[in-house]
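Take 2 as the starting number for the sequence shown in this note's numbering and just add one per residue. Here's the structure we're looking at; comments come further down.
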Amino acid sequence: MTSLTESDIQSRVARLGDLRAAIATAIVGQHDVVEQLLTGLLAGGHCLLEGVPGLGKTLLVRTLGQALELQFRRVQFTPDLMPSDLLGTELLEEDHGTGRRAFRFQQGPVFTNLLLADELNRTPPKTQAALLEAMQEHTVSFAGVTHALPAPFFVLATQNPIEQAGTYPLPEAQLDRFLLHIALDYPGEDEERAIIAQTTGAATAQVPRVMGGEDVLALQALVRQVHVGDDLLAWITRIVRATRPGEGAPQVVRDYVKWGAGPRAGQSLVLAAKARALLHGRLAATREDVQALAAPVLRHRLLLSFAAEAEGKRPDEVIAALLRDVPHPGA
Numbered sequence: 002m003t004s005l006t007e008s009d010i011q012s013r014v015a016r017l018g019d020l021r022a023a024i025a026t027a028i029v030g031q032h033d034v035v036e037q038l039l040t041g042l043l044a045g046g047h048c049l050l051e052g053v054p055g056l057g058k059t060l061l062v063r064t065l066g067q068a069l070e071l072q073f074r075r076v077q078f079t080p081d082l083m084p085s086d087l088l089g090t091e092l093l094e095e096d097h098g099t100g101r102r103a104f105r106f107q108q109g110p111v112f113t114n115l116l117l118a119d120e121l122n123r124t125p126p127k128t129q130a131a132l133l134e135a136m137q138e139h140t141v142s143f144a145g146v147t148h149a150l151p152a153p154f155f156v157l158a159t160q161n162p163i164e165q166a167g168t169y170p171l172p173e174a175q176l177d178r179f180l181l182h183i184a185l186d187y188p189g190e191d192e193e194r195a196i197i198a199q200t201t202g203a204a205t206a207q208v209p210r211v212m213g214g215e216d217v218l219a220l221q222a223l224v225r226q227v228h229v230g231d232d233l234l235a236w237i238t239r240i241v242r243a244t245r246p247g248e249g250a251p252q253v254v255r256d257y258v259k260w261g262a263g264p265r266a267g268q269s270l271v272l273a274a275k276a277r278a279l280l281h282g283r284l285a286a287t288r289e290d291v292q293a294l295a296a297p298v299l300r301h302r303l304l305l306s307f308a309a310e311a312e313g314k315r316p317d318e319v320i321a322a323l324l325r326d327v328p329h330p331g332a
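Below is the structure:
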């Protein structure tokens, strides 16, 4: 990809505002969720979205695909879904002219730009692992041949926080592969009334197309160039290290955390802070970016203790306490 000029950078950053506006034509409210989703996309990571049914998860991803002119596919994960149903398989084809037979790889739904993996925790570990490998490597290997996935490639996996009977919870090591864990809550009363009015009439929202895949790839490259100061980097490192129980850990961690976050959490928090800064038109990350994204980055990377479960403590409460207790070097 060619290097970007200053005018290219300014025009692409300005179009991020157009992207937010385009999504808002179909999505009412959920400003934090949309911001975190775009943050994950710009940072080049994948997102795990947790929310009860009917909150517009599928519509959100489809709207994002329309606004970005990207291909969108949705896979409903079920207990009988096999890896080949997701990745693809080989078909035996015969050439009617010569009579020769040969195998041809038939791509699965993972070969797309935006993939909604609906209820990922309802499919067995073998299929979960197949998706997570594709997410990490951006390739699919079948019969000794490696097939590259389209670029950009972004997975939004959903989990239902209720009806956990018969599910296959993702292990902590696999949860760590997701850049952000986005919590989707019920809308406010005014927003819910607007949603009902908007979705029960004859007219349907037309989502304008504001940028293409090449623009997304350019912005992802630009995110890497966003500045993170030494003080901010030191603070992020201290926050991540403070999540680990042991000598010198904050009291809230010693009381309620069994296992803390690994180094990938620090990498994710830095990248996410850079992406959020770019979303807000800045080329330098700030403490505000870190504070806004600490919970989505860390909540799925903390394994709470039995004492925390017994007292009804949530990861977000521990993270909020850490942000208060771990001093910023520049403070």
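Every residue, glycine too, gets a C-beta built ideally from N, C-alpha and C. Owing to the predicted nature of the structure, the values given are computational and were not obtained by experimental measurement.
Which one or two residues does DSSP pair with His182 in a beta bridge? Note: His182 sits in a beta bridge opposite Leu49.
Tell me, please, which residues DSSP counts as bridged to Phe73. Leu115
Beta-carbon within less than 7 Å of Met136's beta-carbon, same chain only, minus the 5 sequence neighbours each way: which residues are those? Leaving aside the five residues that flank Met136 on each side, the residues in its chain whose CB is nearer than 7 Å to its CB run, in chain order, His47, Val156, Arg178.
Which same chain residues, not among the five before or five after Phe154, have their C-beta less than 6 Å away from its C-beta? For Phe154, where only same-chain residues beyond five positions count, the Cβ hits under 6 Å are His139.
Pick helix, strand or coil for Lys259, following the three-state DSSP scheme. strand
Report the three-state DSSP secondary structure of Gly89 (helix, strand or coil). strand
Given a threshold of 16 other Cβ atoms within 10 Å of its Cβ, counted over all protein chains shown, does Ile237 qualify as buried or as exposed? Buried, by the Cβ-count rule.
Please state the DSSP three-state secondary structure of Ala149. strand
Identify which residue in Gly261, Leu234, Ala235 has its Cα closest to the Cα of Gly247. Gly261
Nearest residue (CA-CA) to Lys127, options Pro328, Gln160, Arg16, Leu171: Selection Pro328, Gln160, Arg16, Leu171 evaluated against Lys127 yields Leu171 as nearest (Cα-Cα).
Top-ranked residue by Cα proximity to Leu115, from Tyr257, Thr244, Pro188, Leu60: With distances taken between CA atoms, Leu115 lies nearest to Leu60 out of Tyr257, Thr244, Pro188, Leu60.
Which of helix, strand or coil DSSP assigns to Leu339: Outside the shown range of the chain (2 to 332) lies residue 339, about which nothing can therefore be said.
Once DSSP output is grouped into helix, strand and coil, what is the label at Gln207? coil
Kindly identify the DSSP beta-bridge partner or partners of Ser142. Thr147
Mind checking which residues open and close the alpha helix (DSSP H) that includes Val62? 58-68
So, at 8 Å on beta carbons, what are the nonlocal neighbours of Val146 in its own chain, with the 5 sequence-adjacent residues on each side left out? Phe106
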